[in-house]
Amino acid sequence: MIQFFKNKIQSNKEAMLLYVGNSFVTISSFLIIALLSHFLPIESYGIYRFIITISTLAITLGSLGFANALYYYLSSANFSQYQSKINSNRLGLIIMSMITLFLMKLISFFFFEKLADFQLAQYEWVIAGIVCIGILQSNELHIFLINKKIKVYLLITLSVIILRIASLFIAYYQHWTLLDLLQLHLLWSFVSLLINQLLINRFNHIRQVQINWKEILEQFQYGFPIGLGLFFGVLLINADRIILSAFYPDPTQFAILSNGNFEVPIITQFYISFSTIALPMLIEAYRQKDFHEFFQIRAKYQQEIMMILFPIVFALINWSGPVIRIVFGQNYSESAALFTVFAGSFLIRVTSHHDVFLATNQTKYISIIQGVELIFHLILTYVLLSNFGMIGASYAYLITNIFYFIFTSYYSAKIMGVSIWKIHNWKHLPPNLLLCGIVLLLFKSIDAALIYSDLQAILLAIFYVISTYLFLNYRYATILKHG
35 MIQFFKNKIQ SNKEAMLLYV GNSFVTISSF LIIALLSHFL PIESYGIYRF IITISTLAIT
95 LGSLGFANAL YYYLSSANFS QYQSKINSNR LGLIIMSMIT LFLMKLISFF FFEKLADFQL
155 AQYEWVIAGI VCIGILQSNE LHIFLINKKI KVYLLITLSV IILRIASLFI AYYQHWTLLD
215 LLQLHLLWSF VSLLINQLLI NRFNHIRQVQ INWKEILEQF QYGFPIGLGL FFGVLLINAD
275 RIILSAFYPD PTQFAILSNG NFEVPIITQF YISFSTIALP MLIEAYRQKD FHEFFQIRAK
335 YQQEIMMILF PIVFALINWS GPVIRIVFGQ NYSESAALFT VFAGSFLIRV TSHHDVFLAT
395 NQTKYISIIQ GVELIFHLIL TYVLLSNFGM IGASYAYLIT NIFYFIFTSY YSAKIMGVSI
455 WKIHNWKHLP PNLLLCGIVL LLFKSIDAAL IYSDLQAILL AIFYVISTYL FLNYRYATIL
515 KHG
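When we follow this note's numbering, the leftmost residue of the sequence shown carries the number 35, and every step to the right adds one.
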C-alpha cells in the first residue's frame, strides 16, 4: 500500500501538492487560534471563538455547494464557457451571501438578549464582512484546480496566513483589542479575495460580467444537496458549542469547551488522504466484482492508518494536560479533561466511513445516516450537557461517533453482502491497541519518575509516538514477510 501511495504521488503531483498545501493551511490556521488563545484574555477569546463558530456555520450555509457545482460544470465545459459559468457562480454566491446575512439578522432577534455577554453588537459589521468574504471565497480553490494553477493558490493562501501571523505578534505588543484583531482578520481575508479573484479573471479571460439565470439555477440545483450535507457536518462538529451558547451563554465556558473539544488537524488530514488515495482502487475492484481484492485494499489502508493513528491518539489522551497547556495556555487546564474524552473518538478514524458507499455508488446512505446522526447528537448533547456540564458534551460527541461507526459499518456490510466482521480489519485491531497500551505503560513509568515540566512531557509523548509506530511497523512487516 505504501508503494502504491508513492506511485500515486509520482503520477499525480498536483493532487499531492494540494494535500500537502492544504495540510499547511489547516495547521497554520490552527496556529492562529492557538496564538490568540495565549494573547487574549479568556473572556475575549471565548467571544472570538463564538464569532468564528457562527461565521463558519454561516459561510457553509451561504456557500450551499455552489463551489462543488462549479467544479462539476467546469470539468465538462469548454474553456470558452468558463467566463459565463464562473460569472453565474459568483452572482449565485452574492445572492446567497445576502440571504445568509438576512437569516443571521433574523435569528439574532430571538437570541440577542440571551447572548448579551458576548457583546455582539460592536462586532456586527465585522462578522457580516467575514461571512460575505468567506462565501465569495468558497469557489476559489475549485477554479484554481480546474485551471491547474493550484501552486499559485497555495502560495497566495500561505503567504496571507504567514503575514497574518506576523501581524498578530505586532498587534499583541501594541495591545490591540478584540475588535482590532477581527478587523485585521477581515483585512487579510479581503486581500486574499481581491488577489485570487483578479487572477481568476486573468486565467479565464473574464473581461465582462454576464448573467445567465439558467446556469445559476442549474448550479443551485446541483449544489444544494451537497451544500446541505456539508452544513449538517459542520453543524454536527459545532453542536456542543451551539447548545452551550443557546442555553448556557458564557464566553469563559465557551472558550474552555472550544479548547477541549477540538479536531487535531494532522489526524483529519492523513486519514482522509489514505482513504481518498485508496478509493479509485476500491471502485475498480468493485466494478470487476473482485470482492476479495476489495476487502484486501481496505484492510491494507486501515492497517497503515492504525500504525500512525493509534500511537498519536494514545499520546494525546495520556498527555492531554501538557498538550492543552502548551497549545492553548495555562488558563485552559480545565479543557484537558474534556479533550481526554473527545480524543477517544479519534480511534474510530481507522477508515473512511463512506468509502464503501462511494465505491458502490450508494451515496444515498450518507445523507440519510448523517441526518439521523445530527438529530441524535443534538438531543444527546443537550441532555448530557444539562446533567453533567461540559464533560457531558464531550461524551455526547464520543457516543455519537461510536454509533455512527456502527451504523455505517452495518450498512456497508449490507451493501457488500457480508458480515459486519468482514467489513473492517478486525484481525489487526486488537493487537495494535494492545501493543500501544503496553508501550504506553512503560512510558508512563518514565513520565512519573523523570518528567517535571510540560515541555518534557511533550517530548516524551513524541518519542512514544515514534517508537510505537516503528514497533507496529516492524510487526506488520514481519507478518507480511512470513505470510
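No residue lacks a Cβ here, since even glycine has one placed at the ideal position from N, Cα and C.
By a beta-carbon distance limit of 8 Å, THR415 contacts ILE277. Their separation comes to about 5 Å.
Residue environment: ILE128 is assigned as exposed (fewer than 16 neighbouring CB atoms within 10 Å of its CB, all protein chains considered). Rounded to whole angstroms, the separation of the alpha carbons of SER172 and THR90 is 12 Å. Between the C-alpha atoms of LEU506 and ASN466 there is a straight-line separation of about 7 Å. With a contact defined as Cβ atoms closer than 8 Å, SER279 and LEU137 miss out at about 17 Å. When secondary structure is reduced to three states using DSSP, ALA289 falls in the helix class. Short of 8 Å from the beta carbon of HIS72, and not among the five residues preceding or following it, lie these beta carbons of its own chain, in chain order: PHE362, GLY363. Sequence-distant partners of GLU252 (beyond 5 residues in either direction) whose C-beta falls short of 8 Å from its own C-beta, in its chain, are ALA103, TYR107.
If you ignore the 5 residues before and after ALA205, its C-beta comes within less than 7 Å of the C-beta of ASP214, LEU215, LEU218, all in its own chain and listed in chain order. Look at GLY423 here: in three-state DSSP terms it is coil, with no helix or strand label.
Going by DSSP, ASP488 is part of the alpha helix (DSSP H) stretching over 488-515.
Under the three-state reduction of DSSP output, ASP389 falls in the helix class. The beta carbon of THR385 sits closer than 6 Å to those of GLN336, all from its chain and outside the five residues before and after it, given in chain order. Two segments are said to touch when three or more pairs of C-beta atoms, one from each, lie closer than 8 Å; by this definition the stretch 108-118 does not touch the stretch 223-233. Within the same chain, and ignoring the five residues on either side of ALA427 in sequence, the residues whose Cβ sits closer than 6 Å to its Cβ are ASP274, THR415, LEU419. In the three-state reduction of the DSSP assignment, PHE296 falls in the coil class, being assigned neither a helical nor a strand state. Between TYR508 and HIS462, the CB-CB gap reaches or exceeds 9 Å. Judged by DSSP in its simplified three-state form, TYR282 adopts coil rather than helix or strand.
Three or more Cβ pairs closer than 8 Å define a contact, and the stretch 495-506 meets that threshold against the stretch 345-354.
Taken in chain order, the whole beta strand (DSSP E) runs of length 3 or more contained in the stretch 397-443 number zero. Between HIS387 and SER443, the C-beta spacing is below 9 Å.
Per DSSP, the continuous alpha helix (DSSP H) segment holding SER89 begins and ends at 76-97.
By the Cβ criterion, the stretch 258-267 is not in contact with the stretch 151-158, since fewer than three pairs of Cβ atoms, one from each stretch, lie closer than 8 Å. For ALA103, the enclosing alpha helix (DSSP H) starts and ends at 100-109.
Inter-residue distance for GLU77 and HIS411 is about 27 Å (C-alpha atoms, whole angstroms). Distance from TYR429 to VAL375 at the Cβ level is roughly 6 Å; contact confirmed, criterion being Cβ atoms closer than 8 Å. Counting C-beta pairs with one atom in each stretch, the stretch 278-295 and the stretch 77-87 have three or more that are closer than 8 Å, which means they touch. Using a Cβ distance threshold of 9 Å, LEU474 and ILE425 do not count as a contacting pair. Of the candidates ILE400, LEU197, ALA377, ALA377 places its Cα closest to the Cα of TYR431. By the CB criterion at 9 Å, LEU69 and ILE199 fall inside the cutoff.
C-alpha of TYR105 to C-alpha of THR512: approximately 44 Å in a straight line. Comparing C-alpha distances from PHE281 to each of ASN395, PHE145, PHE477, LEU484 shows the shortest one belongs to PHE145.
Taking all protein chains shown into account, TYR486 has fewer than 16 neighbouring C-beta atoms within 10 Å of its C-beta and is therefore exposed. Secondary structure note for GLN322: it is in no alpha helix (DSSP H), with a DSSP letter that is neither H nor E. Put simply, of ALA333, LEU74, LEU170, GLY451 the residue whose alpha carbon is nearest the alpha carbon of PHE203 is LEU74.
With respect to the C-alpha of LEU98, the residue from SER131, VAL243, ILE120, ASN352 having the closest C-alpha is SER131.
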